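In the UniProt record's numbering, the protein residues as written are 1 to 218. I have placed the structure first, in the form of structure tokens, so that the comments after it can refer back to it.
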């Protein structure tokens, strides 16, 4: 067997195993949906995208949760407030002013050289945290905070996301499922990229072309 082929397989398997580990650590035993009041949506978005405020800041504010949102950086608060306002125009809460929300994580490798992609396994490839909000019609919207995008369904996210040219890894239905491996495909931006499309069309194994993607990105 070709030495490069074997090396690509090893890299690909190692990457896929790492992504599966990250998914497990983030979502194992975590419910697909939780219910929150609309007044808590901004804070949930802040927790999801920016993490919890520092313990010192929380302590200084006497652990009063209503004040937690004000502990974030102004840039983050402004972005979340704007997204929250846009969501309010598109999605209505239920009769009790509650939303069902959840979180999904996807990953990507850039076609172009970048610090994250070329340093795996010493550094993880890109991770994209997505907020899901279920409408009263039982459909769910996908919010990509980092890229400031709102999608009207999981299918629209998959077709129109603005990830850089390269490969992406994702739970097929938009929900973490421990019984299934992550799916892999090219990003929408790559659909006109001849080299990547030809690589996939050759029918090589997923682990091999993922391993090749790491080399390609580096």
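Each residue gets a CB set at the ideal place from its N, CA and C atoms; glycine is no exception. In this text the structure is predicted, and so the values were computed from the model without any measurement.
Proximal residues to residue i (C-beta, below 7 Å), its chain only, five neighbours per side dropped
i: residue 188; result: 159, 160 and 161
i: residue 26; result: 105
i: residue 172; result: 180 and 183
i: residue 14; result: 121
According to DSSP, residues forming a beta bridge with residue i
i: residue 100; result: 35 and 134
i: residue 166; result: 110
i: residue 128; result: 106
i: residue 149; result: 144
i: residue 185; result: 168
Cβ pair residue i, residue j closer than 7 Å
i: residue 109; j: residue 117; result: yes
i: residue 68; j: residue 107; result: no
i: residue 143; j: residue 101; result: no
i: residue 16; j: residue 42; result: no
i: residue 99; j: residue 133; result: yes
i: residue 157; j: residue 151; result: yes
i: residue 136; j: residue 94; result: yes
i: residue 181; j: residue 103; result: no
i: residue 246; j: residue 38; result: Since the displayed the chain opens at 1 and closes at 218, residue 246 lies outside it and no answer follows.
i: residue 71; j: residue 92; result: no
6 Å CB neighbourhood of residue i in its chain, flanking five on each side removed
i: residue 66; result: none
i: residue 33; result: 100 and 102
i: residue 147; result: 162
8 Å Cβ shell around residue i - same chain, five flanking residues per side excluded
i: residue 115; result: 123
i: residue 87; result: 41, 133, 141, 143 and 150
i: residue 18; result: 120, 121 and 124
i: residue 84; result: 41, 42 and 45
Rounded distance between the beta-carbons of residue j and residue i, thought under 8 Å
i: residue 178; j: residue 24; result: 7 Å
i: residue 166; j: residue 111; result: 4 Å
Could you tell me which uninterrupted beta strand (DSSP E) segments, each at least 3 residues in length, are contained entirely in the stretch 10-92, listed from first to last along the chain? 34-37
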